[in-house]
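First up is the structure itself, then whatever we jot down about it.
Number of protein chains: 2
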Amino acid sequence: MAFRYPNGKVYQPKQNESPAKKKPKTDISFSNRGKSLEDDLNETNDFYVANGLANIYKKPVPIQIVKVEYPKRSAAVIREAYFRTPSTTDYNGVWNGYYIDFEAKETESKTSFPLKNIHLHQIKHMQAVVVQKGIAFFIVRFSKLDRTFIAPFRMIEKAWLDMEAGGRKSIPLAVFEEFAEELTLGYAPRIDYLQVVKKFIANK
Amino acid sequence: MAFRYPNGKVYQPKQNESPAKKKPKTDISFSNRGKSLEDDLNETNDFYVANGLANIYKKPVPIQIVKVEYPKRSAAVIREAYFRTPSTTDYNGVWNGYYIDFEAKETESKTSFPLKNIHLHQIKHMQAVVVQKGIAFFIVRFSKLDRTFIAPFRMIEKAWLDMEAGGRKSIPLAVFEEFAEELTLGYAPRIDYLQVVKKFIANK
Numbered sequence: 240m241a242f243r244y245p246n247g248k249v250y251q252p253k254q255n256e257s258p259a260k261k262k263p264k265t266d267i268s269f270s271n272r273g274k275s276l277e278d279d280l281n282e283t284n285d286f287y288v289a290n291g292l293a294n295i296y297k298k299p300v301p302i303q304i305v306k307v308e309y310p311k312r313s314a315a316v317i318r319e320a321y322f323r324t325p326s327t328t329d330y331n332g333v334w335n336g337y338y339i340d341f342e343a344k345e346t347e348s349k350t351s352f353p354l355k356n357i358h359l360h361q362i363k364h365m366q367a368v369v370v371q372k373g374i375a376f377f378i379v380r381f382s383k384l385d386r387t388f389i390a391p392f393r394m395i396e397k398a399w400l401d402m403e404a405g406g407r408k409s410i411p412l413a414v415f416e417e418f419a420e421e422l423t424l425g426y427a428p429r430i431d432y433l434q435v436v437k438k439f440i441a442n443k
Numbered sequence: 240m241a242f243r244y245p246n247g248k249v250y251q252p253k254q255n256e257s258p259a260k261k262k263p264k265t266d267i268s269f270s271n272r273g274k275s276l277e278d279d280l281n282e283t284n285d286f287y288v289a290n291g292l293a294n295i296y297k298k299p300v301p302i303q304i305v306k307v308e309y310p311k312r313s314a315a316v317i318r319e320a321y322f323r324t325p326s327t328t329d330y331n332g333v334w335n336g337y338y339i340d341f342e343a344k345e346t347e348s349k350t351s352f353p354l355k356n357i358h359l360h361q362i363k364h365m366q367a368v369v370v371q372k373g374i375a376f377f378i379v380r381f382s383k384l385d386r387t388f389i390a391p392f393r394m395i396e397k398a399w400l401d402m403e404a405g406g407r408k409s410i411p412l413a414v415f416e417e418f419a420e421e422l423t424l425g426y427a428p429r430i431d432y433l434q435v436v437k438k439f440i441a442n443k
């Protein structure tokens, strides 16, 4: 993941060399090979911030820190910590006075998006965001198909409520094709979801 | 800070028993003794969320994870990680369609707030928030005086720019008394900063 220089500084892999776990696959087009959705979104958000277009960030992973060492002449080292369940979504920020809040998910499935990828607390959080007049949505990538959609929260919420009422546990690709917007990948920004968000806002 | 039960679950101290570092001091009134500003704000934000009044959270501390162990039958343990510099402020969220973004700081000084408590990247972040029509401010506690103020970003920014132009490196208490709003501590919510934010918005 990263290593530590002798001076205590931490090596941070550049985004385009990081995810060794996501090897290019033969059925993925050149445009996306080797990149995770998270990398694409981080690049995009950096582009938005650098160009004053929006101010949207991924939140850090919540950690419960138990033990920290303070070595002489180098940075504090966390020696025992645990991952905590996030109480909110991963991304939020502001564009033109609008509060933006979203979650990004990838699925390996070629036919549907399994709702087990979403947690109840994320649904509840987004419901609260909508009550406060924020803009909530999901970005979902079908990684084997190299297709990425931006789905309004209402679409995901409807499927969630259907599931809770005994309905199906996944959202078919066809539902994304009909009720979500497909995002095309570009160079800069990598994945210009803000254009679709503007449409969502204009159509409200 | 916390310890780990044999079953791998992590003990999380309750907010009102946590900050041993902030011992009650004789010159601090009963209302605030033993509580850090962060505890007060977390309680307040929990109250806002629980009552559907706003959706504002503290962001997790950013960590660079280097080594993780996966013991059998218990939670993953982070064995080497480092603190990273946050690129944004600590708190953000949404109220009634407004994007809310703030930083909370405590000072031991009885006479002025040292600007070294603020980092350049936080100023730049808040400037970007204001460009995107978000609401940015600081909550500053003079802990020895048991007084807490909410200061519009513009007040802090002005002092920052003065400092960069060779001016003083701290903001006198009198400036807070004149240009910020003092917050009174209550029970629920603990520190009702949202009421002042509403005034800021109404006066824009």
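Those protein sequence lines, which keep their order, are chains L and E.
Start counting the first sequence at 240; every next residue gets the next number (our numbering).
Start counting the second sequence at 240; every next residue gets the next number (our numbering).
A virtual CB, placed ideally from N, CA and C, is assigned to each residue, including glycine.
- Distances from the alpha-carbon of L/GLU420 to those of L/MET394, L/ASN335, L/GLU403 put L/MET394 closest.
- Note on E/LEU400: under 16 other CB atoms within 10 angstroms of its CB, so exposed under the neighbour-count rule.
- Looking at the backbone, the Cα of L/LEU422 and that of E/TYR287 are separated by about 35 Å.
- Excluding residues up to 5 positions away in sequence, GLU342, ALA390, ILE395 lie with their Cβ nearer than 6 Å to the Cβ of E/PHE377 in the same chain.
- For E/GLN371, the nearest CB of chain L lies under 7 Å from its own CB, placing it at the interface with that chain.
- Proximity of E/ASN290 to chain L, defined by a Cβ-Cβ separation below 7 Å, is not satisfied.
- Considering only E/THR328, E/ILE362, E/LYS397, E/VAL316, the residue with the shortest C-alpha distance to E/ILE295 is E/THR328.
- Residues of the segment 296-310 of chain E with a C-beta less than 9 Å from any C-beta of chain L: TYR296, LYS298, PRO299, VAL300, PRO301, ILE302, GLN303, ILE304, VAL305, LYS306, VAL307, listed in chain order.
- Take L/GLY425, set aside five residues on each side of it, and the residues of its chain with a beta-carbon closer than 8 Å to its own are ASP431, in chain order.
- Spanning the alpha carbons of E/THR324 and L/ALA404 requires a straight line of approximately 45 Å.
- At least one C-beta of chain E is nearer than 7 Å to the C-beta of L/ILE317.
- The beta carbon of E/THR324 does not come within 7 Å of any beta carbon belonging to chain L, so the residue lies off that interface.
- Residue-level contact by beta carbon holds for L/TRP334 and chain E, with a gap shorter than 7 Å.
- Judged by beta-carbon spacing, L/ILE302 lies beyond the 7 Å limit of L/ALA315, meaning their Cβ atoms are not closer than that value.
- The C-beta of E/ALA367 comes closer than 7 Å to at least one C-beta of chain L.
- At least 7 Å separates the CB of E/ASN281 from every CB of chain L.
- For L/ASN294, a Cβ of chain E is located within less than 7 Å of the residue's own Cβ.
- Residue ranges of uninterrupted beta strand (DSSP E) with 3 or more members, entirely inside the segment 269-309 of chain E and ordered along the chain, are 294-297, 302-308.
- Between the alpha carbons of E/ASN290 and E/TRP334 lies a gap of roughly 12 Å.
- Rounded to whole angstroms, the gap between the alpha carbons of E/MET365 and E/ASP278 is 23 Å.
- A direct Cα-to-Cα measurement between E/VAL368 and E/TYR337 gives close to 11 Å.
- Within the same chain, and ignoring the five residues on either side of E/ILE339 in sequence, the residues whose Cβ sits closer than 6 Å to its Cβ are ILE295, GLY332, ILE374.
- At a beta-carbon threshold of 9 Å, the residues of chain E lying near L/ALA314 are TYR321, PHE322, ordered along the chain.
- Around the C-beta of L/GLN434, fewer than 16 other C-beta atoms lie within 10 Å, and the residue is accordingly described as exposed.
- For L/TYR338, the closest Cβ of chain E is nearer than 7 Å.
- For L/THR328, no Cβ of chain E is located within less than 7 Å of the residue's own Cβ.
- Taken through DSSP and simplified to helix, strand or coil, L/LYS344 comes out as strand.
- Straight-line spacing of the CA atoms in L/LYS298 and E/GLU347 works out to 30 Å.
- By the CB criterion at 7 Å, E/LEU354 and E/SER313 fall outside the cutoff.
- E/ARG380 and E/PHE352 have their alpha carbons spaced roughly 9 Å apart.
- According to the DSSP secondary-structure assignment, L/GLY332 is paired through a beta bridge with L/ILE295, L/ILE339.
- Taking a Cβ-Cβ threshold of 7 Å, the residues of chain L close to E/ASN331 are ASN331, in chain order.
- In this structure, the CA atom of E/VAL307 is about 16 Å from the CA atom of L/GLU308.
- Nearest to E/VAL370 by alpha-carbon distance, out of L/LEU280, L/THR283, L/LEU292, L/ASN281, is L/LEU292.
- Rounded to the nearest whole angstrom, the CA to CA distance from E/LYS349 to L/SER382 is 57 Å.
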